Amino acid sequence: MNRNTAEQALPNPGWGPLSGLPGNPLMWVLILSEIVVFAAFFAMFAWMRAEERAVFDASQLMLDPVMGGINTMVLLSSGLFAAFAVKDVIRGDVRQTRIWLGLALLLGLVFCGVKLVEYAAKIDAGLTPESNTFFAFYYLLTGFHFAHVIFGLILLGLVMWRTSRANVETVTAFWHMVDLIWIVLYPLLYLLR
Amino acid sequence: MNTRTLVLTWASLMLLTLVSMFSAQLGTDTRLQPLPLWSATLLLMVTGFKAWKVLSVYLGLSVAPSSWRGVFGGALCLMLALIAGGYLFAQLA
């Protein structure tokens, strides 16, 4: 097999080093950049925790790890429905694809609802980003993630309307990235002490 | 990716989330104490495994060339190493 033929066999021929990645290659660039950005935030969080350990430990006690765990499961289930949507759009079943996307969107809304309840409880208790360094990080990290969730929900809604294989694969990859970040964020903020 | 693989991955992610919560010892009294080292290690290993499952199965990285799997695996390990390093530093400080 010559080089051109070999490249044509890849998922994204013509994308150079990105040719071998599945789905939209630009989505992988975004995923890698998000991992790097969040890794920098996590490093800053860890550094500040070492500086103010007593404040961080006392503040973490005010979070609800069970609610955070439930939200993790909600987001993971939403990711499963999004994966089913990809499977069905490849089969050409647009109606079923839209149903799966709708379910993924619905669970995304549940995640947002739980998070808003959590934010409201914290603000009612006087815990704001200005309370201390831990809560500044808590609102920054979860707020940045929350913004990704909202953006993902808008994209899921748009893809339910404009359903094509490329659109569904790209938006679903974004949605899995949102899952991925939360998987690391949850233990860092709620569990590790 | 077939339905069975997707569902099994989802089930393992759900189970591992429960393992994370269990290993974090969320009892009223135990929450006041720092986690034992084994517990924090288990928590981070479970987190890394879950993140890798999402990358490889849901995002399809398992079919990508090994060089790309290495790049994303390395980025994930770096992220977890930063968290683990910061955690250990705080415990020792």
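Going down the list, the protein sequences come from chains W and X. If you count the first sequence from 1, position 51 lands on 747 in my numbering, and the numbers rise without skipping. If you count the second sequence from 1, position 65 lands on 47 in my numbering, and the numbers rise without skipping. Glycine included, each C-beta is placed from N, C-alpha and C at the ideal position. Keep in mind the model is a prediction, meaning the values are calculated, not measured.
Could you work out which residue in the options is closest to residue i when comparing CA atoms only?
i, options, result
"Arg794(W)", "Thr838(W), Gly853(W), Met744(W)", "Gly853(W)"
"Gly67(X)", "Trp796(W), Glu730(W), Phe738(W)", "Phe738(W)"
"Val45(X)", "Val806(W), Phe752(W), Leu714(W)", "Leu714(W)"
"Leu890(W)", "Leu797(W), Arg749(W), Met744(W), Gly712(W)", "The shown model of chain W, from 697 to 889, leaves out residue 890(W), and the question about it has no answer."
"Ile919(W)", "Ile877(W), Ala832(W), Arg861(W)", "Absent from the structure is residue 919(W), since the part of chain W shown begins at 697 and ends at 889."
"Ala75(X)", "Ala816(W), Leu851(W), Trp743(W)", "Trp743(W)"
"Thr(-15)(X)", "Arg745(W), Phe777(W), Leu726(W)", "Phe777(W)"
"Ala746(W)", "Leu887(W), Pro721(W), Thr829(W)", "Thr829(W)"
"Leu70(X)", "Leu14(X), Leu0(X), Leu60(X), Leu19(X)", "Leu19(X)"
"Thr866(W)", "Ser49(X), Leu17(X), Leu41(X), Leu0(X)", "Leu41(X)"
"Leu837(W)", "Leu802(W), Phe741(W), Thr859(W)", "Phe741(W)"
"Leu120(X)", "Gly712(W), Gly788(W), Pro721(W), Leu759(W)", "Missing from the structure shown is residue 120(X); chain X here goes from -17 to 75 and no further."
"Leu64(X)", "Pro721(W), Ala736(W), Val813(W)", "Ala736(W)"
For residue i, collect the residues of the same chain with a Cβ closer than 6 Å to its Cβ; drop the 5 residues on either side in sequence, then sort them by chain order.
i, result
"Ala869(W)", "Gly719, Met723"
"Ser5(X)", "Ser21, Leu24, Leu25"
"Phe734(W)", "Ile877"
"Pro707(W)", "Pro718"
"Val806(W)", "Val770"
"Val94(X)", "Because chain X here runs from -17 to 75, residue 94(X) falls outside it and cannot be looked at."
Can you give me the Cβ contacts of residue i inside the same chain, cut-off strictly under 7 Å, excluding the 5 residues immediately before and after it?
i, result
"Lys32(X)", "Leu(-5), Leu(-2)"
"Arg889(W)", "Asp753, Gln756"
"Ala800(W)", "Ser774, Phe777, Ala778, Ala781, Leu852, Trp871"
"Met751(W)", "The sequence shown places Val at residue 751(W), not Met. Excluding positions up to five away in sequence, the list reads Asn828, Thr829, Phe830."
"Phe54(X)", "Leu37, Leu43"
"Leu887(W)", "Pro761"
Please report the Cβ distance between residue i and residue j, rounded to the nearest whole angstrom; I am assuming they are in contact, meaning their Cβ atoms lie under 8 Å.
i, j, result
"Leu8(X)", "Val762(W)", "7 Å"
"Pro661(W)", "Thr29(X)", "The first residue shown for chain W is 697 and the last is 889, placing residue 661(W) beyond what the model contains."
"Gly765(W)", "Met3(X)", "5 Å"
"Lys35(X)", "Thr(-13)(X)", "Actually they are not in contact, since the Cβ atoms of Lys35(X) and Thr(-13)(X) sit about 11 Å apart, beyond 8 Å."
"Tyr834(W)", "Leu885(W)", "6 Å"
"Gly804(W)", "Ser773(W)", "That pair is no contact at about 10 Å."
"Ile731(W)", "Leu58(X)", "7 Å"
"Val864(W)", "Val855(W)", "6 Å"
"Arg749(W)", "Ala72(X)", "5 Å"
"Pro47(X)", "Gly716(W)", "4 Å"
"Pro825(W)", "Ala817(W)", "Not a contact, Cβ separation roughly 15 Å."
By Cβ distance below 8 Å, which residues in the same chain neighbour residue i in space, the five residues on each side in sequence not counted?
i, result
"Thr768(W)", "Trp878, Ile879, Tyr882"
"Leu726(W)", "Phe870, Met873"
"Arg51(X)", "Ser38, Leu43, Ser44"
"Phe842(W)", "Cys808, Lys811"
"Asp875(W)", "Leu771, Leu772, Ser774, Gly775"
When every heavy atom of the ligand GTP is checked, does at least one fall within less than 7 Å of the C-beta of residue i?
i, result
"Ala33(X)", "In the structure shown, the ligand GTP is absent, as is every other ligand, since no ligand is present at all."
Restricting to runs no shorter than 4 residues, where is the alpha helix (DSSP H) found entirely within the segment 747 to 816 of chain W? 749 to 756, 761 to 787
I'd like the ranges of any alpha helix (DSSP H) spanning at least 4 consecutive residues and lying wholly in the segment 811 to 864 of chain W. 829 to 857
Does the structure place the segment 746 to 763 of chain W close enough to the segment 772 to 789 of chain W that three or more beta carbon pairs sit under 8 Å? no
Starting from the N-terminal side, write out each stretch of the alpha helix (DSSP H) that is 4 residues or longer and does not extend beyond the segment 8 to 48 of chain X. 19 to 35
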